[in-house]
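See structure below.
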DNA sequence: ATGAGGACCTGCTCGC
DNA sequence: TGCGAGCAGGTCCTCA
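Residue numbers (my numbering): 4 to 330.
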């Protein structure tokens, strides 16, 4: 499943193939792929035509392409099974292609493929406006000029004009710190500069929930899914059901180190698994089978103490842990 | 306000 | 051989 390392692999892989290119036509083959875009499939497709890809960016499991002057973005979430593939525009259309973008240069096209259709695409404005306004918005979310309710009611043309007007006040260097409006609530991920360990620890301490649930809470820390949550908890020797408000400071530090390590190592491995024109986010490829210590290893010996790994049911999914190392 | 759980979705595997 | 149940899980929505 695409978690942060897979999404970053896709972002880095796709960036060099699309940046600087202009969309000739967008085609939505399954309306569910753009279900969160209120312009609808036709509106989305029409609004994407003529857009130039400027940058490829990411936060947590979301990735986006800043378009044209950087005032709007094509936002993508890969869900459970999403892929972004670049290739010969004449190759056969697989049945799971949900959206397709061709380019004015006639070169390789971009396809959003998604078997389980949990992923989606949206054309959206950036959330923040000028830097002083950004500071105000951070202090008080309701102060954001482009709040969710406004964005939902506003059409593409108006959003476009508004975003362009606002972005005119921004120095180019500020763009990289902006995130698309629909993901304002997504916390920084542990691999970006904006991530603040102190803030994370403080917010974690205020929560009254289980530590694994907290790791999966994208508004607290982003980029972690079920697999890397289990792996990080195994490394940190923490039980998944441990109440967050009982964690000691040292344990939180250990957990954050484990999270960073597991994401970084997976990113290194994931970065080797695709070639030039085919960007693969298939969960089975590369590191998956080799370097997992807990996830999916029910009954197999723990790498530290040889106690069989246990599987528990949690949130309608599985949690894998060592009953001895992770009390 | 916050936390917990269900819905969404499709392909694969397993057991009868 | 065929079929249905179970499973996989990220995010949003609803309910308590």
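Glycine included, each C-beta is placed from N, C-alpha and C at the ideal position.
If you're wondering where the values come from, they're calculated on a predicted model, not measured in any experiment.
- If you check the CB distance, residue 63 and residue 226 come in under 8 Å.
- Only residues of its own chain outside the window of five on either side were considered, and among them 52, 105 have a CB closer than 7 Å to the CB of residue 28, listed in chain order.
- For residue 67, the enclosing beta strand (DSSP E) covers residues 65-70.
- Out of 124, 19, 67, 325, the CA that lies nearest to the CA of residue 47 is found in 124.
- In terms of Cβ geometry, residue 237 and residue 97 do not form a close pair [threshold 8 Å].
- A Cβ-Cβ distance of about 26 Å is found for the pair residue 253 and residue 8, leaving them out of contact under the 8 Å criterion.
- Sequence-distant Cβ neighbours of residue 55 in its own chain, meaning closer than 6 Å and more than five residues away, are 25, 71.
- Within the model, the alpha-carbon separation for residue 266 versus residue 42 is close to 35 Å.
- Contact check between the region 219-234 and the region 87-103: fewer than three CB pairs, one atom from each, fall below 8 Å, which does not count as touching.
- Per DSSP, residue 123 is not a residue of any alpha helix (DSSP H); the beta strand (DSSP E) it occupies stretches across 123-128.
- DSSP places residue 61 in the strand class (E or B) of the three-state scheme.
- Collapsing the DSSP output to three states places residue 101 in a strand.
- Comparing alpha carbon positions, the residue from 115, 15, 261, 215 closest to residue 34 is 115.
- For residue 31, no alpha helix (DSSP H) encloses it; the enclosing beta strand (DSSP E) starts and ends at 26-31.
- When DSSP states are grouped into helix, strand and coil, residue 326 belongs to the coil group.
- In the assembly as shown, residue 211 is an exposed residue. Its beta-carbon has fewer than 16 other beta-carbons within 10 Å.
- In the structure shown, residue 256 adopts helical secondary structure according to DSSP, grouped into three states.
- Between residue 76 and residue 69, the C-beta spacing is below 8 Å.
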